[in-house]
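Note sheet for the following structure.
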DNA sequence: TCTTATGGTAAGTCATGGCTAACGGTAAGC
DNA sequence: GCTTACCGTTAGCCATGACTTACCATAAGA
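Protein chains in written order, with our numbering: chain P, 39 to 150; chain L, 39 to 150.
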């Protein structure tokens, strides 16, 4: 069932959940503690804690403790792995699409 | 429960499933018909068909019929949207991380 | 020390969604 | 025409995992 388990794959699996995407975007604005994150979301604090564990295991997030406050921030490494994965496939998609568009240069036009 | 529903968000939700990632990577190699894809995966053809519907709705895949054969190929537009989304957050992650690393320039070193 | 603020963890519930089996529908080959 | 190959859709089953409640641990403040 688990096909690949590369670093990018784990990141994509982690960001597949909408709540985790919301947490991720919250941390993109600025680092934050668990309670702060939970306060801005319609889920309980333990739920956020569990999601943060997944994000951390995926290499998307980093944790630093300050007293009992645990500050989470984005980790560029995990994001970079996803970025590289996506870039590879984006390029091959462009190649395949160009060749496809050449045969159908009439229907519509889209480039960007 | 659904927080955002941007284009990138739908793409990330779609690629959250491992089977869909496998299909996506298969199509990155070359366009293919539904049966061809299913033959290379441990799931039935209808399962692949359903996954392709999700990938198509997310703008990650394009479909062209040739007789009864339905050829699927990657769609650069959906991938491009994800790429842009990821790039934004990657940059803010780098900024936040740099500032974080400045305070902890002793523990370990990682840049790549 | 007692209290308060902060979070990670365990157990259990429940809905989401991925899967198969069965069907119907269309194009091509004979 | 009939048959075969290809595919989308539906119905239903079932496992994964997201969520809450309850609990325990630690650090800071009085």
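The C-beta atom is built at its ideal place from N, Cα and C for all residues, glycine as well. Predicted model only: the values in this text are computed from it and were never measured.
Through-space distance from residue j to residue i, alpha-carbon basis
{"i": "residue 106 of chain P", "j": "residue 94 of chain P", "result": "18 Å"}
{"i": "residue 64 of chain L", "j": "residue 91 of chain L", "result": "16 Å"}
{"i": "residue 88 of chain L", "j": "residue 44 of chain P", "result": "24 Å"}
{"i": "residue 77 of chain L", "j": "residue 85 of chain L", "result": "12 Å"}
{"i": "residue 54 of chain P", "j": "residue 117 of chain P", "result": "14 Å"}
{"i": "residue 120 of chain P", "j": "residue 56 of chain P", "result": "17 Å"}
{"i": "residue 124 of chain L", "j": "residue 82 of chain P", "result": "27 Å"}
{"i": "residue 71 of chain L", "j": "residue 132 of chain P", "result": "19 Å"}
{"i": "residue 46 of chain L", "j": "residue 98 of chain L", "result": "10 Å"}
{"i": "residue 112 of chain P", "j": "residue 112 of chain L", "result": "29 Å"}
{"i": "residue 50 of chain P", "j": "residue 104 of chain L", "result": "32 Å"}
{"i": "residue 108 of chain P", "j": "residue 79 of chain P", "result": "18 Å"}
{"i": "residue 62 of chain L", "j": "residue 73 of chain L", "result": "15 Å"}
{"i": "residue 75 of chain L", "j": "residue 58 of chain L", "result": "11 Å"}
{"i": "residue 48 of chain L", "j": "residue 48 of chain P", "result": "17 Å"}
{"i": "residue 102 of chain P", "j": "residue 102 of chain L", "result": "50 Å"}
Whether residue i touches residue j by CB criterion (8 Å)
{"i": "residue 69 of chain L", "j": "residue 128 of chain P", "result": "no"}
{"i": "residue 96 of chain L", "j": "residue 52 of chain L", "result": "yes"}
{"i": "residue 100 of chain P", "j": "residue 110 of chain P", "result": "yes"}
{"i": "residue 66 of chain P", "j": "residue 130 of chain L", "result": "yes"}
Boundaries (first-last residue) of the alpha helix (DSSP H) holding residue i
{"i": "residue 86 of chain P", "result": "83-95"}
{"i": "residue 112 of chain L", "result": "Residue 112 of chain L -> not in any alpha helix (DSSP H); beta strand (DSSP E) instead, spanning 107-112."}
{"i": "residue 53 of chain L", "result": "First-last for residue 53 of chain L: undefined, no H or E at that position."}
Chain L within 8 Å of residue i, Cβ atoms only
{"i": "residue 97 of chain P", "result": "no"}
{"i": "residue 90 of chain P", "result": "no"}
{"i": "residue 132 of chain P", "result": "yes"}
{"i": "residue 104 of chain P", "result": "no"}
{"i": "residue 82 of chain P", "result": "no"}
{"i": "residue 216 of chain P", "result": "Beyond the ends of chain P as shown, which are 39 and 150, falls residue 216 of chain P; an answer cannot be given."}
{"i": "residue 146 of chain P", "result": "Its pLDDT being 43, under 50, residue 146 of chain P is placed unreliably in this model, and the coordinates cannot settle the point."}
Element boundaries [beta strand (DSSP E), containing residue i]
{"i": "residue 68 of chain P", "result": "Counting along the chain, residue 68 of chain P falls outside any beta strand (DSSP E), and DSSP gives it neither H nor E."}
{"i": "residue 104 of chain L", "result": "99-104"}
Closer than 8 Å to chain P by CB, residue i
{"i": "residue 93 of chain L", "result": "no"}
{"i": "residue 143 of chain L", "result": "Low local confidence applies: a pLDDT of 48 at residue 143 of chain L is under 50, so the model's placement there is unreliable, and no value is given."}
{"i": "residue 87 of chain L", "result": "no"}
Mind listing which residues of the region 114-130 of chain L have their C-beta closer than 8 Å to chain P's C-betas, in chain order? 114, 115, 117, 118, 120, 121, 124, 125, 126, 127, 128 and 130
Return the residues of the region 52-80 of chain P that lie within a Cβ-Cβ distance of less than 9 Å from chain L, sorted by chain order. 52, 53, 54, 55, 56, 57, 59, 60, 62, 63, 65, 66, 67, 68, 69, 79 and 80
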